[in-house]
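To start, the structure under review is shown below, and the notes come after it.
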Amino acid sequence: MFFRVSLRTLALLSLSALACAVQAQSQFRVFAEAYGRYYNDVQTTSPVFGLDPGGNPNTVYGTINYGVDYASAAAYDQLTSLPSVTAGGTWAGDASQGMTTVTSHAYGMTDWGSNHASASTSGFTPVSRSYDGQFIVGSNTWPMHVESSNASYAVGRSTWEELYQIGGGTGTGQFTGTVHIDGTLAGTLGSGTATLDWSLKTFSNQLVASVNASYDAAADLWSMNVFSNGLWTNTTGNGPLTINADVIGGYSFTYGAALYLKSELVTSISGNGSADFSNTVQFTGMSLPQDATVFVMSGASAADYGIFFAGNGNGTICQDLACAVGASPPVPEPGTYAMLLSGLGIVAWVVRRRRR
Numbered sequence: 016m017f018f019r020v021s022l023r024t025l026a027l028l029s030l031s032a033l034a035c036a037v038q039a040q041s042q043f044r045v046f047a048e049a050y051g052r053y054y055n056d057v058q059t060t061s062p063v064f065g066l067d068p069g070g071n072p073n074t075v076y077g078t079i080n081y082g083v084d085y086a087s088a089a090a091y092d093q094l095t096s097l098p099s100v101t102a103g104g105t106w107a108g109d110a111s112q113g114m115t116t117v118t119s120h121a122y123g124m125t126d127w128g129s130n131h132a133s134a135s136t137s138g139f140t141p142v143s144r145s146y147d148g149q150f151i152v153g154s155n156t157w158p159m160h161v162e163s164s165n166a167s168y169a170v171g172r173s174t175w176e177e178l179y180q181i182g183g184g185t186g187t188g189q190f191t192g193t194v195h196i197d198g199t200l201a202g203t204l205g206s207g208t209a210t211l212d213w214s215l216k217t218f219s220n221q222l223v224a225s226v227n228a229s230y231d232a233a234a235d236l237w238s239m240n241v242f243s244n245g246l247w248t249n250t251t252g253n254g255p256l257t258i259n260a261d262v263i264g265g266y267s268f269t270y271g272a273a274l275y276l277k278s279e280l281v282t283s284i285s286g287n288g289s290a291d292f293s294n295t296v297q298f299t300g301m302s303l304p305q306d307a308t309v310f311v312m313s314g315a316s317a318a319d320y321g322i323f324f325a326g327n328g329n330g331t332i333c334q335d336l337a338c339a340v341g342a343s344p345p346v347p348e349p350g351t352y353a354m355l356l357s358g359l360g361i362v363a364w365v366v367r368r369r370r371r
């Protein structure tokens with residue numbers, strides 16, 4: 016049987032494959048997550064559980080939860096309410112083992128262009144136990160060794176993802192983004208660790224800017240690593256950590272291809288402490304080349320990202336995709352070309368099969 020595929024049909028199939036590839040890469044959303052937990056890990060070693068290949072007694076692991084709470088929310092358009100969630104509670108541990116009551120709180124809220132998150136835990140007392148005993152079942156007795164340790168944590172997470180269609184030029188251009196970070200890491204009762212982890216990345220997971228920091232309340236020391244202007248810096252100090260600074264990141268984009276950015280903020284507490292960045296991690300400035308055109312594909316306002324144009328300040332903030340794309344269709348990323356060629360290869364294989 017003879018099967019004829021016209022150039023027009025091939026072109027339509029190619030465009031369809033390209034559209035699917037672009038759609039697969041396209042993602043914009045705001046997401047928030049919060050969770051807390053108070054628990055006791057127990058491990059028991061005994062021959063009653065059998066022996067390993069080396070003849071040693073097996074170990075069985077278990078967890079006792081005193082409290083767990085989780086919440087999350089997301090939005091993918093401008094009509095859905097912005098995600099804002101809280102989680103936590105006040106949970107009593109096993110008082111017979113010297114465990115105390117813990118209060119845990121976590122918060123996450125995300126707006127287009129800004130992250131908000133916090134976490135705190137108080138009242139936690141670490142308890143570790145180790146003892147030997149016996150399993151007695153009827154007339155059978157087996158030795159056992161038990162170890163246990165409790166833990167508490169709280170985590171607040173905030174993420175936004177955005178796509179920017181940028182035109183008005185050829186080849187590649189450079190964007191520079193400025194993000195303001197404002198918050199604190201502190202400890203409670205002299206024990207616990209508070210951490211901050213924020214990053215701005217591209218679709219290929221390339222790091223544009225980052226801040227990660229931790230405060231150890233037991234040692235009363237903090238450490239902070241910052242990736243800004245293409246350089247890593249590390250600083251340390253005593254006491255709680257307060258951050259109120261701008262972080263700058265740059266990235267070389269391709270005109271005609273959608274630029275993807277992901278900003279993620281995670282605050283976490285292990286033991287007692289607080290990590291409060293609920294005020295904001297705000298994208299305050301996004302500089303694009305002079306005479307560029309840009310369309311924010313989620314429909315968010317350009318002001319949410321502080322978009323402006325370098326040089327003489329001329330440029331166009333578009334209200335639709337056609338304005339940013341111009342007369343030429345969007346230029347696919349290399350991965351999209353690969354998917355397109357794979358699709359054409361399948362079409363060619365089908366044609367050969369039909370001709371046989």
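When you number the sequence shown by our numbering, it's gap-free, plus one each residue, and the end is 371. Note that beta-carbon positions come from the ideal geometry of N, C-alpha and C, so glycine has one too. Just so we're clear, the structure is a prediction, and the values are computed from it rather than from any experiment.
Among the options, nearest to residue i - alpha-carbon criterion
{"i": "Y91", "options": "T308, T210, V45 and D335", "result": "V45"}
{"i": "S267", "options": "I181, Y50 and V83", "result": "I181"}
{"i": "A337", "options": "G188, V309, F323 and N220", "result": "V309"}
{"i": "Y275", "options": "M312, I196, T125 and M114", "result": "M312"}
{"i": "V100", "options": "Q58, N130 and P72", "result": "N130"}
{"i": "S316", "options": "G184, A121 and L178", "result": "L178"}
{"i": "T250", "options": "N244, L236, S173 and H160", "result": "L236"}
{"i": "T8", "options": "Q334, G138, A307 and Y146", "result": "No answer is possible for residue 8: it lies beyond the span of the chain, which begins at 16 and ends at 371."}
{"i": "Y168", "options": "G328, M301, G65 and P141", "result": "P141"}
{"i": "G192", "options": "P158, T136, L303 and F292", "result": "L303"}
{"i": "N329", "options": "E279, S143 and Q305", "result": "Q305"}
{"i": "A375", "options": "Y146, M301 and G326", "result": "In the structure as shown, the chain begins at 16 and stops at 371. Residue 375 is therefore absent and cannot be evaluated."}
{"i": "G65", "options": "M159, N327 and I196", "result": "M159"}
{"i": "G113", "options": "S163, L200, T199 and N71", "result": "S163"}
{"i": "S145", "options": "V161, I151, G138 and A132", "result": "V161"}
{"i": "G271", "options": "A201, A339 and N220", "result": "A339"}
{"i": "D291", "options": "A201, S137 and Q42", "result": "A201"}
{"i": "W247", "options": "I79, G108 and N227", "result": "N227"}
{"i": "N244", "options": "N71, T257, N220 and V262", "result": "V262"}
{"i": "Q149", "options": "S238, A132, S61 and T203", "result": "S61"}
{"i": "I79", "options": "N73, L97, V296 and G108", "result": "G108"}
{"i": "T269", "options": "S278, F242, L256 and F218", "result": "F218"}
In DSSP terms, what residue i is bridged to
{"i": "Y270", "result": "Answer by DSSP bridge pairing: none, since Y270 is not bridged."}
{"i": "D261", "result": "H195"}
{"i": "A372", "result": "Because residue 372 is not part of the residues shown, which for the chain are 16 to 371, the question remains open."}
{"i": "Q149", "result": "P158"}
{"i": "D126", "result": "S129"}
{"i": "L211", "result": "A228 and T282"}
{"i": "A49", "result": "A86 and G171"}
{"i": "Q180", "result": "A273 and F310"}
{"i": "Q189", "result": "S267"}
{"i": "A110", "result": "Partner(s): none; A110 has no beta bridge."}
{"i": "S219", "result": "Partner(s): none; S219 has no beta bridge."}
{"i": "T339", "result": "A small correction: the amino acid at residue 339 is Ala; Thr does not occupy that position in the sequence shown. Partner(s): none; A339 has no beta bridge."}
{"i": "N165", "result": "N55"}
{"i": "T203", "result": "S206"}
Proximity below 8 Å, CB of residue i to CB of residue j
{"i": "G104", "j": "E48", "result": "no"}
{"i": "N165", "j": "N287", "result": "no"}
{"i": "V223", "j": "F298", "result": "no"}
{"i": "R172", "j": "V281", "result": "yes"}
{"i": "A233", "j": "S214", "result": "no"}
{"i": "A121", "j": "V170", "result": "yes"}
{"i": "S283", "j": "A134", "result": "yes"}
{"i": "Q189", "j": "G265", "result": "yes"}
{"i": "V75", "j": "T59", "result": "yes"}
{"i": "W106", "j": "Y81", "result": "yes"}
{"i": "Y320", "j": "G128", "result": "yes"}
{"i": "N259", "j": "D212", "result": "no"}
{"i": "W175", "j": "T95", "result": "no"}
{"i": "Y53", "j": "A102", "result": "no"}
{"i": "D231", "j": "T199", "result": "no"}
Neighbour flag for residue i against chain E, beta carbons, 8 Å
{"i": "V75", "result": "Although the question refers to chain E, the structure presented lacks it and comprises just one protein chain."}
message: Ignoring anything shorter than 3 residues, give me the beta strand (DSSP E) runs that lie fully in the region 52 to 104, in order along the chain.
response: The qualifying runs are 72 to 90.
task: Please go through the region 295 to 324 and give each complete beta strand (DSSP E) segment of 3 or more residues, from N-terminal end onward.
output: Correct list: 308 to 311 and 322 to 324.
task: Report the residue ranges of all alpha helix (DSSP H) runs contained in full by the region 222 to 259; include only those spanning at least 4 residues, in chain order.
output: Taking only runs of at least 4 residues, no alpha helix (DSSP H) segment lies wholly in the region 222 to 259.
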